[in-house]
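S.K.: Below are the structure tokens for one structure; questions will follow.
Number of protein chains: 2
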Amino acid sequence: MHEEKHFTSSDLIKDIVIGMSDGLTVPFALAAGLSGAVASNSIVITAGIAEVVAGSIAMGLGGYLAGRTEVDHYQTEIARERLEVEAVPEVEKQEVRDVFSSYGISPGLQDQLALELSQDKNKWVDFMMRFELGMEKPDVRRASRSAFNIGASYIVGGMVPLIGYFITNTPKQGLLVSSIMTVMFLLIFGYVKTRLTGNRPFYGAVKTVFIGVLAAGAAYLIARLIS
Amino acid sequence: MHEEKHFTSSDLIKDIVIGMSDGLTVPFALAAGLSGAVASNSIVITAGIAEVVAGSIAMGLGGYLAGRTEVDHYQTEIARERLEVEAVPEVEKQEVRDVFSSYGISPGLQDQLALELSQDKNKWVDFMMRFELGMEKPDVRRASRSAFNIGASYIVGGMVPLIGYFITNTPKQGLLVSSIMTVMFLLIFGYVKTRLTGNRPFYGAVKTVFIGVLAAGAAYLIARLIS
């Protein structure tokens with residue numbers, strides 16, 4: 518297929534941008550929330566780093582294992598299709614006809630297609646996976662590399678909102694510096710992220726900042742209320 | 518299509534289980550990390566709740582907006598396909614032939630298919646979206662409902678690891694109770710989550726617990742080192 522026509526950006530850059538903009542959001546909001554409730558920057562920093570560690574492992578390892586699960590799932594389904602093609606070929610041929618019937622293909626052509634497809638059982642099964650079940654063959658290497666890149670970028674992104682607390686003396690000052698830096702970075706990464714997926718980048722930038730600011734504001738208010 | 522044959526579980530239950538098992542992981546790890554670094558349960562609880570608030574907003578709102586973006590992206594691509602079908606119909610017909618050629622369909626049948634498909638431009642465009650680009654029409658209502666359900670379940674899941682710190686007096690005791698409760702819940706939700714997606718549930722349960730424990734262990738060690 519030639520999806521390249523519609524997507525030209527590098528997968529690595531995409532992973533980095535996704536991981537960084539996610540990494541900016543939750544650690545920023547957590548630090549903002551704590552800064553309204555505790556007296557010292559060191560607690561905010563410790564909590565922030567603990568979150569970055571936990572989040573990057575959950576995201577990276579979670580993504581890696583989800584990729585493996587997707588491969589398992591594909592294997593299970595393809596095994597089932599292989600069985601069905603052997604055991605109930607007429608049912609499977611009818612399924613081929615149904616796929617094409619919904620696109621207005623004539624019954625005569627549907628029959629010919631079902632017949633030709635059934636000549637090569639491997640290709641028939643591949644066809645059913647993609648066109649009946651809408652499942653693409655997952656690329657397990659790509660999935661693990663992607664999970665690693667996103668997890669690592671989450672760490673880098675997550676350090677940005679914490680810098681404000683490193684270079685100031687009180688949580689209040691820290692929150693100010695952290696907010697300015699994080700909003701700037703969220704704008705940039707939101708813009709790049711949306712641009713890479715082929716949508717309106719300004720809208721994406723505003724959206725990404727909006728999520729971050731809303732999460733931080735809510736965390737701040739609730740942490741103040743309960744502390 | 519009849520994907521129902523392969524997936525029978527309710528979407529709502531799936532969202533709840535995903536949100537809960539994610540909600541259990543990061544707040545658990547954050548609280549565990551902090552419990553090795555601070556002297557009072559109240560800081561652990563404040564940080565945990567701030568994380569749950571931030572995480573659920575990032576996840577729920579992020580998921581909702583991602584769903585909207587997916588719809589925008591589909592609209593952009595379908596507009597492009599409509600243009601191509603009008604402007605360069607012969608190129609698009611060749612693309613139809615290419616799709617079927619890879620499944621071993623004879624050139625004669627490829628030509629007939631391209632010809633029949635080109636009779637109804639709406640169906641032709643739908644066909645190209647699904648079979649050339651592999652894009653399904655996104656269901657925007659489903660996406661927002663799902664984002665809300667996952668975000669809300671994240672909150673419920675995130676409260677479980679914090680209970681341990683509510684009912685004990687020191688972070689050390691809190692960590693013990695929190696770990697026992699969270700591991701139990703992660704086992705259950707990991708099992709259910711994997712079962713719902715049609716894979717080996719015991720493996721899924723172990724995997725989910727493994728991610729949670731690794732994230733918590735790493736957060737604990739690093740928080741101790743820096744505090």
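So the sequences go chain by chain: A and B. Be aware that the first sequence starts at 518, since it is given in my numbering, and climbs by one per residue. Be aware that the second sequence starts at 518, since it is given in my numbering, and climbs by one per residue. Even for Gly, the Cβ is constructed at its ideal location relative to N, Cα and C.
1) List the whole-angstrom C-beta distance separating L547 (chain A) from E568 (chain A), where the pair is believed to meet the contact cut-off of C-beta under 8 Å.
2) What whole-angstrom Cβ distance do D643 (chain B) and Y620 (chain A) have, given they're in contact under 8 Å?
3) Within the 8 Å Cβ cut-off, does D620 (chain B) reach chain A?
4) Give the secondary structure of A554 (chain A) by DSSP, where H, G and I count as helix, E and B as strand, and everything else as coil.
5) Can you tell me which of the three DSSP states D628 (chain A) falls into?
6) Under the assumption that P678 (chain B) contacts M698 (chain B) (Cβ atoms under 8 Å), give the Cβ distance between them as a whole number of angstroms.
7) Is the beta carbon of I684 (chain B) sitting closer than 8 Å to the one on V694 (chain B)?
8) Comparing the C-beta of F719 (chain A) with each C-beta of chain B, is any distance below 8 Å?
9) With a threshold of 6 Å on Cβ separation, who are the neighbours of Y581 (chain A) within its own chain once the five nearest residues in sequence on each side are excluded?
10) In three-state DSSP terms, what is V543 (chain A)?
11) Consider the Cβ of G707 (chain A): report whether some Cβ of chain B lies at a distance smaller than 8 Å.
12) Going by DSSP, what residue range makes up the alpha helix (DSSP H) through D615 (chain B)?
13) Give a yes or no on whether the minimum CB-CB distance between F665 (chain B) and chain A is below 8 Å.
14) Compare the C-alpha of G565 (chain A) against each of A:E607, A:I680, A:L703, A:Y708 and name the closest.
15) Compare the C-beta of F648 (chain A) with all C-beta atoms of chain B and state if any pair is closer than 8 Å.
16) Excluding sequence positions up to five away, which residues of its chain have a Cβ less than 7 Å from the Cβ of S618 (chain A)?
17) Rounded to the nearest angstrom, what separates I459 (chain B) and V570 (chain B) at their Cα positions?
18) When you compare each of A:N639, A:G625, A:L632 to E633 (chain B) by their alpha carbons, which one comes out closest?
19) Using only the alpha-carbon positions, how far apart do E594 (chain A) and V605 (chain B) sit?
20) Along the chain, where does the alpha helix (DSSP H) that runs through N666 (chain B) open and close?
21) When burial is assigned at 16 or more other CB atoms within 10 Å of the CB, is I743 (chain B) buried or exposed?
22) Thinking just about the alpha-carbon of each residue, which of B:D528, B:M537, B:I530 is nearest to the one in G668 (chain B)?
23) Do R647 (chain A) and E653 (chain A) count as a contact pair if the criterion is CB distance below 8 Å?
24) Assuming the contact rule is C-beta atoms closer than 8 Å, P688 (chain B) and E587 (chain B) should be a hit. Round their C-beta distance to whole Å, please.
25) For G536 (chain B), decide whether its Cβ has a neighbour in chain D, counting only Cβ atoms nearer than 8 Å.
26) My understanding is that L703 (chain B) touches G729 (chain B), with C-beta atoms under 8 Å, so please give their C-beta distance in whole angstroms.
27) Counting only C-beta atoms, is K638 (chain A) closer than 8 Å to chain B at any point?
28) Applying the criterion that 16 or more other CB atoms from any shown protein chain within 10 Å of the CB defines a buried residue, is L630 (chain A) buried or exposed?
29) Inspect the beta-carbon positions of A732 (chain A) and I574 (chain B) and report whether they are closer than 8 Å.
30) Can you list, in chain order, the residues of its chain whose CB lies under 7 Å from that of L650 (chain A), leaving out five sequence neighbours each side?
31) Cα separation between T725 (chain B) and E612 (chain A)?
32) When you compare each of A:A583, A:W641, A:E603, A:G553 to Y682 (chain A) by their alpha carbons, which one comes out closest?
33) Nearest chain A C-beta to S670 (chain B) closer than 8 Å, yes or no?
34) Apply the 10 Å Cβ neighbour rule to F524 (chain A) and answer buried if 16 or more other Cβ atoms are within range, or exposed otherwise.
35) May I have the straight-line CA-CA distance separating E598 (chain A) from Y591 (chain A), to the nearest angstrom?
36) With respect to the alpha helix (DSSP H) encompassing T725 (chain A), which residues constitute its N-terminal and C-terminal limits?
M.R.: Taking the definition as stated:
1) 5 Å
2) 7 Å
3) Contrary to the premise, residue 620 (chain B) reads as Tyr rather than Asp in this sequence. Using beta-carbon distances, Y620 (chain B) counts as an interface residue toward chain A, with a partner under 8 Å.
4) coil
5) helix
6) 7 Å
7) In this structure, I684 (chain B) sits near V694 (chain B), with a CB-CB distance shorter than 8 Å.
8) no
9) S661, A664
10) helix
11) no
12) Element bounds for D615 (chain B): 606–618.
13) no
14) A:I680
15) yes
16) Excluding positions up to five away in sequence, the list reads Q627.
17) A query on residue 459 (chain B) cannot be resolved here, the shown segment of chain B reaching from 518 to 744 and no further.
18) A:G625
19) Cα-Cα distance, rounded: 37 Å.
20) 657–683
21) So I743 (chain B) counts as exposed.
22) B:M537
23) Yes, they are a contact pair.
24) With 8 Å as the limit, P688 (chain B) and E587 (chain B) do not qualify as a contact, their Cβ atoms being about 42 Å apart.
25) In summary, chain D is missing from the structure at hand, where the protein chains are A and B.
26) 5 Å
27) no
28) buried
29) yes
30) E594
31) One C-alpha to the other measures close to 37 Å.
32) A:G553
33) no
34) Bear in mind that a pLDDT of 43 at F524 (chain A), under 50, signals an unreliable position, so the number given afterwards is only what the model happens to contain. Exposed, by the Cβ-count rule.
35) 10 Å
36) 718–743
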